[in-house]
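Structure first, commentary second.
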Amino acid sequence: MSASDKTPIDYIALSGAKPRGKRPYFFEDPAVERVLAITMAVAQEVAVLHERVDTLERLLEQKTHFKRADIDSYQPDPEAATARAEWSRMYIARVLRIVQQELEALDKLDQNYTLDDKAEELGRT
Numbered sequence: 017m018s019a020s021d022k023t024p025i026d027y028i029a030l031s032g033a034k035p036r037g038k039r040p041y042f043f044e045d046p047a048v049e050r051v052l053a054i055t056m057a058v059a060q061e062v063a064v065l066h067e068r069v070d071t072l073e074r075l076l077e078q079k080t081h082f083k084r085a086d087i088d089s090y091q092p093d094p095e096a097a098t099a100r101a102e103w104s105r106m107y108i109a110r111v112l113r114i115v116q117q118e119l120e121a122l123d124k125l126d127q128n129y130t131l132d133d134k135a136e137e138l139g140r141t
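This note's numbering applies: residue 17 is where the sequence shown begins, and numbers increase by one.
And the structure:
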């Protein structure tokens, strides 16, 4: 229930809510889009769980007894926030490693692609 009106929250309905407007597509194959969407949703949940576990560990270092409210209201200090940001950066890099590797491969190809190659390509169109 929300704190303001005491009505139950329908989490299933909220999880299925769609943003307004047309959904952007990045790949031609809808199956690839679905797999990407599922993967990124799971990655997001893992990131949230990681922060929650980090909070639990930090609270346990401070005291042996605490309540759920202590977890929910925890505010990381600058050192913890920096550590979490670094973990997030590395985590996203691992999740999207294949995309990064493909971009790097394209960059290597582009370095060998000369202005003369472009001119020749334009001459054929």
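C-beta atoms are modelled at their ideal positions from N, C-alpha and C, and glycine is treated no differently. Keep in mind that this is a model prediction, so the values were computed, not measured.
Take residue i as the anchor and find which of the options has the nearest alpha-carbon.
i	options	result
D70	I25, V115 and E95	E95
V62	K124, W103, A121 and L122	W103
R100	F42, H66 and L112	H66
F43	L52, G37 and T98	L52
Identify whether residue i lies in helix, strand or coil by the three-state DSSP scheme.
i	result
I87	helix
T71	helix
K124	helix
H66	helix
Y41	coil
Y27	helix
T80	coil
A33	coil
P94	helix
L112	coil
Assuming the contact rule is C-beta atoms closer than 8 Å, residue i and residue j should be a hit. Round their C-beta distance to whole Å, please.
i	j	result
L76	I87	So it is not a contact: roughly 11 Å between Cβ atoms.
Considering only the beta carbon of each residue, do residue i and residue j sit closer than 7 Å?
i	j	result
A59	V115	no
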